[in-house]
Structure formats: structure tokens, C-alpha cells
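Trainee: Here's a structure for you.
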Amino acid sequence: MPKVHLLDYVAGNVRSLVNAIEKVGYEVEWVRSPEEVANAEKLILPGVGHFGHCLSQLASAGYLPALRAHVDAGKPFMGICVGLQALFSSSAEDPQCPGLDIVPGTLNRFDDSTKAVPHIGWNNASCPTNPTLYGLKSSSKYYYVHSYKYPYKQGELENQGWAVATATYGGEKFVGAVAKGNILATQFHPEKSGVAGLRVIRAFLDGSGAKALAAKPPQATDGGAVELVASEGLTRRVIACLDVRTNDQGDLVVTKGDQYDVREKSDERSVRNLGKPVDMAKKYYEQGADEVTFLNITSFRDCPIADLPMLEILKRTSETVFVPLTIGGGIRDTVDVDGTKVSALEIATMYFKSGADKVSIGSDAVLAAEEYYAGGKTLFGNTAIEQISKAYGNQAVVVSVDPKRVYVPKQDATRHATLKTKTPGPKGEEYCWYACTIKGGRETRDLDVVELTQAVEAMGAGEILLNCIDKDGTNSGFDLELITQVKEAIRIPVIASSGAGNPGHFEEVFEKTTTDAALGAGMFHRGEYTVQQVKDYLAGKSLVVRQFEG
Ligand code: 1PR
7 MPKVHLLDYV
17 AGNVRSLVNA
27 IEKVGYEVEW
37 VRSPEEVANA
47 EKLILPGVGH
57 FGHCLSQLAS
67 AGYLPALRAH
77 VDAGKPFMGI
87 CVGLQALFSS
97 SAEDPQCPGL
107 DIVPGTLNRF
117 DDSTKAVPHI
127 GWNNASCPTN
137 PTLYGLKSSS
147 KYYYVHSYKY
157 PYKQGELENQ
167 GWAVATATYG
177 GEKFVGAVAK
187 GNILATQFHP
197 EKSGVAGLRV
207 IRAFLDGSGA
217 KALAAKPPQA
227 TDGGAVELVA
237 SEGLTRRVIA
247 CLDVRTNDQG
257 DLVVTKGDQY
267 DVREKSDERS
277 VRNLGKPVDM
287 AKKYYEQGAD
297 EVTFLNITSF
307 RDCPIADLPM
317 LEILKRTSET
327 VFVPLTIGGG
337 IRDTVDVDGT
347 KVSALEIATM
357 YFKSGADKVS
367 IGSDAVLAAE
377 EYYAGGKTLF
387 GNTAIEQISK
397 AYGNQAVVVS
407 VDPKRVYVPK
417 QDATRHATLK
427 TKTPGPKGEE
437 YCWYACTIKG
447 GRETRDLDVV
457 ELTQAVEAMG
467 AGEILLNCID
477 KDGTNSGFDL
487 ELITQVKEAI
497 RIPVIASSGA
507 GNPGHFEEVF
517 EKTTTDAALG
527 AGMFHRGEYT
537 VQQVKDYLAG
547 KSLVVRQFEG
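Residues 7 to 556 in my numbering are what the sequence shown lists, from first letter to last.
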């Protein structure tokens with residue numbers, strides 16, 4: 007197999023990138039010191055997390071001159087995500103930290119006054135001057151996850167010989183990819199962008215992208231001024247969720263509860279077995295799921311942490327599923343079977359190394375939020391959320407919320423954030439609030455969803471997975487009131503979850519709330535609808551979705 011060199015400097019989930027490279031027929035050789043850069047013919051710089059973290063790691067290990075020399079020698083170079091950002095002069099994220107300055111300019115943050123930040127999800131990468139640049143297609147969608155971007159100014163980079171592909175988020179047009187000579191850099195993650203992303207990796211590795219660009223370099227006056235058409239912009243994300251646990255026979259199965267009760271209603275009360283996790287994840291990927299989430303709903307704590315069954319599931323899934331994978335359940339400081347203390351960060355690291363892109367934290371986030379308020383809204387820096395987001399970036403940390411409705415007769419009957427509900431309680435109560443729970447809904451705490459989500463946003467969580475115990479498994483549609491309350495409280499993206507029973511429920515949640523994504527479980531597992539049917543339905547209602555490319 008032909009080789010490509012990958013720079014190893016602790017950049018999060020590189021397993022997916024390795025899998026994607028192998029999928030297109032290349033073998034990865036790691037570069038583990040600046041001297042080894044000289045051995046590389048084709049070099050890839052992956053990157054997640056903070057600009058400053060990435061650049062300071064590269065600088066302190068002595069990589070920067072070696073990277074510049076590689077690029078100056080005209081050898082093929084590809085930067086991904088922060089690997090693209092590193093090519094610029096600087097970033098407002100860490101102004102004191104200089105970039106490689108190969109592309110002049112300073113990155114800035116998306117404006118979060120009117121939209122969720124980070125920008126997470128599937129968006130375009132369209133290059134009007136070179137429409138097939140490195141296999142890009144204007145009709146395809148690519149997976150982005152970032153808060154900082156280079157704002158696109160018509161003709162600016164083209165006048166310096168760069169071909170530029172752009173995307174637009176909430177009215178801000180930014181650089182999605184740049185290419186010049188043998189350099190290609192993408193703000194999106196091609197290894198997480200399904201078949202459309204694999205095409206880009208292939209065009210880089212086989213040289214066809216650089217060759218086509220050499221035949222038609224952008225002209226100095228090219229600006230690529232195109233108006234946004236209806237199918238452009240961030241898509242509505244549809245996520246498939248797999249609750250995984252061991253059944254009574256000891257097999258790891260996908261299960262699904264009704265209001266979190268995963269046992270059959272029959273006398274045996276056995277755990278519902280809906281299929282095998284790896285196979286089902288692949289099926290949903292091929293149906294067009296934009297992400298796959300695994301929730302380990304039991305803790306499997308009778309084995310050493312390094313042997314956690316979910317690690318193997320992630321490794322196997324990431325070989326065939328090229329969209330983002332989230333893993334939740336049991337991410338907290340803990341003690342291994344031999345008595346060794348293991349931090350939440352160490353557990354998250356194992357998951358990232360096994361192919362996860364995000365970790366989802368449930369119970370531990372509630373306890374951390376309680377301490378945050380008990381300390382007068384103090385950030386101690388020692389919570390799982392803070393530590394994992396510091397090391398891997400906010401986008402890598404999802405907080406999974408398991409709220410339950412509590413009805414009250416009057417708006418001020420409780421200190422909690424209430425709302426007037428359209429579905430009054432059993433005694434006709436017109437108001438309700440949502441209490442957070444821990445341990446899979448078994449224990450209710452004196453903390454409401456607004457308090458929880460605002461606290462974890464302050465700690466550095468990048469996204470909220472908003473379940474609803476009352477709605478879970480009911481097929482009656484999402485809890486629009488809950489979603490609206492949380493969306494109004496925070497700036498980070500929200501994934502609506504619990505209650506989806508048909509494609510119309512997805513349309514309803516996207517039309518009636520500002521949710522960023524919607525998740526379904528039971529309706530997919532029971533085979534009532536496929537993800538593709540949901541996408542087709544949404545597209546028929548003129549909502550922008552990503553269609554699976556085979
Ligand atoms: O507390 O950090 O160990 O995380 C435990 C994780 O496991 C949490 O994310 C929690 O939501 C989840 N969990 C725990 N117990 C259950 C259970 O069902 N007994 N599952 C559980 C939560 C809820 C959803 C579900 C949607 C959509 N699953 O993710 O997939 O409600 O379902 P639907 O479309 O069929 O209505 P920690």
C-alpha cells in the first residue's frame with residue numbers, strides 16, 4: 007500500500023482519519039519527531055481543540071520549521087480543521103500564539119448573538135472558480151465543528167493564488183477549504199464527511215486534486231461571488247441513538263426503553279434486545295444518519311476499564327462509519343477494578359483513541375453543576391467537563407440531560423424556571439419545570455434544566471443532548487416546550503431527543519423550535535421508518551438536509 011505520513015501530536019480522534027486513509031487504499035506512517043518530517047512525501051496535519059494548544063504543542067516540539075520546509079519544498083501537505091487554521095497568521099482564539107503564516111490573515115469567532123456556536127454539522131464547501139477542487143461538489147455536504155473561522159472576503163485569497171471553497175453559517179461566509187500548489191487545507195473533517203469526504207482524501211493522496219488545480223489555477227480577479235441558494239447552508243442534523251447494555255445472557259445489545267424502562271412488559275421482564283450495536287450503527291450510517299450516538303446505559307464495571315466493551319464497539323464502528331460518533335455513559339472520575347484511580351479525562355481519552363469524536367456526560371454533569379452553584383458560580387477547573395474540553399476542545403464534550411416534568415399550580419410556586427404549558431398536569435396544573443435526574447432517571451435532583459445547561463455551558467460543554475424522560479419511547483413527538491426553554495437559555499447547540507415516532511415529528515421540532523439537531527431511537531430500531539425516510543420527508547418540506555452519497 008502507498009504511504010502517507012501523519013503528524014502525531016495528540017490531536018484527538020485520529021483513529022477515524024487513519025481508518026479513512028486506509029479505506030481509500032493508503033497506509034499511515036506516523037511522524038513522531040521534527041526530524042521525521044523530512045521522510046514524508048505526503049504529510050497530513052490533523053487538528054482539533056484550541057488554536058493555541060495546537061500551535062504551542064507544535065512549536066515546543068520543534069515542528070514549525072520542519073513543516074515550513076516541507077511546504078516550501080512543494081511536497082503535498084494537507085491540514086484538517088485546526089490543521090487549516092494553523093496555516094494562517096494568527097487567531098483571535100489565542101492572539102499571543104503565532105500561526106505558520108502561510109496564508110496571511112487572522113481567524114475570528116462566529117458571532118453567537120443570533121446563532122449557536124460552535125458551528126456543528128453539515129455544510130457546504132463550494133468553490134466557484136474550481137467547482138471540482140479536490141473532489142468537492144457544490145451539492146455535497148461536509149462535517150464542520152469549530153467556533154473560529156477565516157471570514158471570506160471576495161477575491162482576497164484568490165489574488166494570492168489560493169483556490170477557496172466557502173460555506174455560510176448564519177449570514178457569515180467563511181473559508182471551508184483552501185488550496186494552492188500542493189497544499190490543501192479543510193476547515194471541515196473529510197474523515198467524518200462520509201463518501202463526500204473520502205473523495206477529498208483520495209484526491210489529495212493520489213495527486214489528482216493538485217494536478218487538476220495546476221491545470222486551472224484561480225485567476226487574480228476570481229472572487230467566487232455566488233449568492234446563497236436554498237440548498238446551501240447548515241443542514242438539519244438527524245441523529246440515530248443506540249442505547250447499549252448487557253442483557254441477562256451477558257450479550258451486549260441495543261435496547262430501548264419506555265420512559266427509561268428497558269425491560270419487556272411481559273412476565274419475564276427481560277431486557278429488550280433490538281440488535282447488535284456495530285451492525286446497527288453501520289445500517290444507520292448507510293441510511294444517511296448525520297451522526298451516531300452510543301449511550302452505555304449500564305456501567306459494565308466488572309471488567310478493567312481498558313477492556314470496556316464500548317471501546318471495542320467504537321473501534322469496529324469507526325472502521326465503516328464515516329460520520330461523527332458520540333459515546334456516553336460512565337464518563338466520570340472512577341476507580342478501576344484493581345483500585346487504581348482513573349480520571350474522567352483518561353476515560354474520555356480511551357474513547358477518543360478508539361474512534362469517538364465526542365463524549366457525552368450525564369450524571370456527573372448534574373453533580374458538577376450543583377457544586378458550581380453551591381460555590382457561587384465558581385469554576386474550579388477540576389470537573390470532567392472542564393478537563394476534557396480543555397484538552398480536546400468544547401466541541402468534544404456533550405452534556406446529556408435526563409429531565410422530568412414537575413407540575414406546579416402557579417408560576418412562582420417554585421424557585422425553578424417554570425413555563426406555562428399547553429398540556430396541564432393531572433390536577434390541571436398550568437405550569438411546569440424540568441427537574442434534572444441522575445443514574446438514568448433513578449434519582450431526581452433539585453436542579454432545573456436551565457440551571458444545568460447554563461452551568462455546563464460556563465464549564466465548556468460544546469453541545470446539549472436534551473432527552474425528556476416523560477417523552478422517551480412514547481412516539482408522541484418531541485417536548486417542544488422543554489426544547490424552547492433550553493434554547494432560550496444557552497448559546498451552544500442543542501440536540502432534541504425523546505418522543506420521535508414519525509418523520510412529521512422531526513419537521514415539527516425543526517419548524518417550531520430553533521433546535522440544531524434532532525435524535526431518534528425507537529422508531530428506527532423497530533424498523534418503522536428509516537433515517538432516509540425522515541430525510542426525504544424533511545427535504546420534501548424544503549428543509550435543508552444531507553442526503554447519503556453511496
Ligand atoms: O450518567 O454519564 O453515566 O450517562 C448515562 C447515559 O445513559 C445518559 O446519557 C442517559 O441519558 C442514558 N440512559 C441511562 N439510562 C437510560 C435508560 O433508558 N434506562 N437512556 C438511558 C437514555 C434516552 C435517549 C433515547 C431518546 C430517544 N436514552 O437517548 O435514545 O429518549 O428515544 P425515542 O426516540 O425512542 O423516544 P452517565
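C-beta atoms are modelled at their ideal positions from N, C-alpha and C, and glycine is treated no differently.
A quick note: this is a predicted structure, and the numbers were derived from the prediction, not measured.
1. Out of H76, W128, K198 and K433, state which residue places its alpha-carbon closest to the alpha-carbon of A523.
2. State the DSSP-derived secondary structure class of E517, mapped to helix, strand or coil.
3. Are the CB atoms of G479 and D273 within a distance shorter than 8 Å?
4. Using a Cβ-Cβ cut-off of 6 Å (strictly less than) and excluding sequence neighbours within five positions of D485, which residues of its own chain qualify?
5. Does DSSP put S503 in a helix, in a strand, or in coil?
6. Tell me whether G80 is buried or exposed, calling it buried when 16 or more other Cβ atoms sit within 10 Å of its Cβ.
7. In terms of alpha-carbon separation, which member of K48, Y440, Q91 and D296 lies closest to T332?
8. Take the Cβ of T424 as the centre, count every other Cβ of all protein chains shown within 10 Å, and call the residue buried at 16 or more, exposed below.
9. For V268, verify whether its CB is less than 7 Å away from any heavy atom of the ligand 1PR.
10. Would you call the stretch 212 to 223 in contact with the stretch 240 to 248, where contact means no fewer than 3 C-beta pairs closer than 8 Å?
11. Could you tell me the distance, in whole angstroms, from the CA atom of G381 to the CA atom of V43?
12. Do R451 and G294 have their CB atoms nearer than 8 Å?
13. Pick from V407, P310 and A183: whose alpha carbon is nearest that of V88?
14. What are the boundary residues of the beta strand (DSSP E) that includes A297?
15. Flag this pair as touching only if the stretch 524 to 532 and the stretch 460 to 470 have three or more C-beta atom pairs under 8 Å; answer yes or no.
16. Whose C-alpha, out of D117, L13 and L23, is nearest the C-alpha of G361?
17. Taking the CB atoms as reference points, tell me whether Y149 and H125 lie closer together than 8 Å.
18. If you draw a straight line from the alpha carbon of Q193 to that of V403, how long is it in whole angstroms?
19. So, is P415 buried or exposed, given that buried needs 16 or more other C-beta atoms within 10 angstroms?
20. With a threshold of 7 Å, establish whether the CB of A527 neighbours any heavy atom of the ligand 1PR.
21. I need the DSSP call for F328, collapsed to helix, strand or coil.
22. CB of I367 to nearest heavy atom of the ligand 1PR: below 7 Å?
23. Measuring only the C-alpha atoms, how far is I50 from Y437?
24. Note down the Cα distance separating M7 from W36, rounded to an integer number of angstroms.
25. Return the Cβ separation of G447 and Y266 in integer angstroms, given the expectation that the two are a contact with Cβ distance under 8 Å.
26. Nearer than 7 Å: is that true of the beta carbon of K262 relative to any heavy atom of the ligand GDP?
27. Would you kindly report the start and end of the unbroken alpha helix (DSSP H) that includes A390?
28. Helix, strand or coil for Y378, going by three-state DSSP, please let me know.
29. Regarding A506 and the ligand 1PR, is the C-beta to nearest heavy atom distance less than 7 Å?
30. Return the Cβ separation of I391 and V327 in integer angstroms, given the expectation that the two are a contact with Cβ distance under 8 Å.
31. Smallest Cα separation from E534: which of L280, V515 and V259?
32. Measuring straight from C-alpha to C-alpha, what distance separates R497 and T521?
33. Taking 7 Å as the cut-off, is the CB of I337 close to at least one heavy atom of the ligand 1PR?
34. Starting from the C-beta of Y156, find all residues in its chain whose C-beta is less than 7 Å away, skip the five residues before and the five after it, and write them out in chain order.
35. What residue range does the beta strand (DSSP E) around D4 cover?
36. Express the C-alpha separation of R74 and L190 in angstroms, rounding to a whole number.
Mentor: Quick answer:
1. Within the sequence shown, residue 523 is the residue found at index 517, counting from 1. Considering only alpha carbons, the answer is W128.
2. Position 511 of the sequence shown, counting from 1, holds the residue named residue 517. If DSSP states are grouped into helix, strand and coil, E517 belongs with the helices.
3. Here the question's residue 273 lines up with position 267 in the sequence shown. Here the question's residue 479 lines up with position 473 in the sequence shown. Not in contact: D273 and G479 (Cβ atoms no closer than 8 Å).
4. Within the sequence shown, the letter at position 479 stands for residue 485. These residues qualify, in order along the chain: C474 and K477.
5. Your numbering for residue 503 matches position 497 in the sequence shown. Residue state, collapsed to three classes: coil.
6. For the purposes of this step, residue 80 is taken as the residue at position 74 of the sequence shown. When all chains shown are included, G80 counts as exposed.
7. For this step, residue 332 is matched to residue 326 along the sequence shown. Answer by Cα proximity: D296.
8. Here residue 424 is taken as the residue at index 418 of the sequence shown, counted from 1. Buried, by the Cβ-count rule.
9. One-based indexing of the sequence shown puts residue 268 at position 262. Under cutoff, so the answer is yes.
10. no
11. Along the sequence shown, one-based indexing puts residue 381 at 375. Along the sequence shown, one-based indexing puts residue 43 at 37. Using only the alpha carbons, I get a separation of about 48 Å.
12. As a working mapping, residue 451 is identified with position 445 in the sequence shown. As a working mapping, residue 294 is identified with position 288 in the sequence shown. No, the pair does not count as a contact, with Cβ atoms beyond the cut-off.
13. Here the question's residue 88 lines up with position 82 in the sequence shown. Of the listed residues, the one whose Cα sits closest to V88 is A183.
14. If you number the sequence shown from 1, residue 297 lands on position 291. Here the sequence assigns Glu to residue 297, which means Ala is not the residue at that position. From DSSP, the beta strand (DSSP E) with E297 extends over E297 to N302.
15. no
16. Residue numbering aside, residue 361 sits at position 355 when the sequence shown is read from its first letter. When only C-alpha atoms are compared, the closest one is L23.
17. On the sequence shown, position 143 is the one that residue 149 refers to. On the sequence shown, position 119 is the one that residue 125 refers to. Not a contact, by the Cβ cut-off of 8 Å.
18. By 1-based counting over the sequence shown, the position of residue 193 is 187. By 1-based counting over the sequence shown, the position of residue 403 is 397. Cα to Cα, Q193 sits roughly 19 Å from V403.
19. Your numbering for residue 415 matches position 409 in the sequence shown. Its Cβ having fewer than 16 others within 10 Å, P415 is exposed.
20. Within the sequence shown, residue 527 is the residue found at index 521, counting from 1. Result yes, Cβ under 7 Å from the ligand 1PR.
21. The residue labelled residue 328 in the question sits at position 322 within the sequence shown. Looking at F328 - three-state DSSP - the assignment turns out to be coil, as it is neither helix nor strand.
22. Along the sequence shown, read from residue 1 onward, the residue named residue 367 stands at position 361. Within the cutoff, so yes.
23. The residue given as residue 50 occupies position 44 in the sequence shown. The residue given as residue 437 occupies position 431 in the sequence shown. Between I50 and Y437, the C-alpha separation is close to 55 Å.
24. Position 1 of the sequence shown holds residue 7. Position 30 of the sequence shown holds residue 36. M7 and W36: Cα-Cα distance of roughly 15 Å.
25. For the purposes of this step, residue 447 is taken as the residue at position 441 of the sequence shown. For the purposes of this step, residue 266 is taken as the residue at position 260 of the sequence shown. Rounded, the Cβ-Cβ distance is 4 Å, consistent with contact.
26. Ligands displayed in this structure: the ligand 1PR; the ligand GDP is not among them.
27. Counting from 1 along the sequence shown, the entry for residue 390 is found at position 384. Start and end: A390 to Y398.
28. Here residue 378 refers to the residue found at position 372 when the sequence shown is read from its first residue. Three-state result, Y378: helix.
29. Here residue 506 refers to the residue found at position 500 when the sequence shown is read from its first residue. For the ligand 1PR, at least one heavy atom lies less than 7 Å from the Cβ of A506.
30. Your numbering for residue 391 matches position 385 in the sequence shown. Your numbering for residue 327 matches position 321 in the sequence shown. That pair is no contact at about 26 Å.
31. Mapped onto the sequence shown, residue 534 falls at position 528. Of the listed residues, the one whose Cα sits closest to E534 is L280.
32. For the purposes of this step, residue 497 is taken as residue 491 along the sequence shown, with counting starting at 1. For the purposes of this step, residue 521 is taken as residue 515 along the sequence shown, with counting starting at 1. Computed Cα separation, rounded: 11 Å.
33. Here residue 337 refers to the residue found at position 331 of the sequence shown. Checking every heavy atom of the ligand 1PR against the Cβ of I337, one is found closer than 7 Å.
34. Counted from its first residue, the sequence shown places residue 156 at position 150. Closer than 7 Å at the Cβ level, and outside the excluded window around Y156, lie F94, G111, L113, F180 and V181.
35. In the structure displayed, the chain extends from 7 to 556; residue 4 sits before or after that span and is not available.
36. If you number the sequence shown from 1, residue 190 lands on position 184. If you number the sequence shown from 1, residue 74 lands on position 68. Cα to Cα, L190 sits roughly 14 Å from R74.
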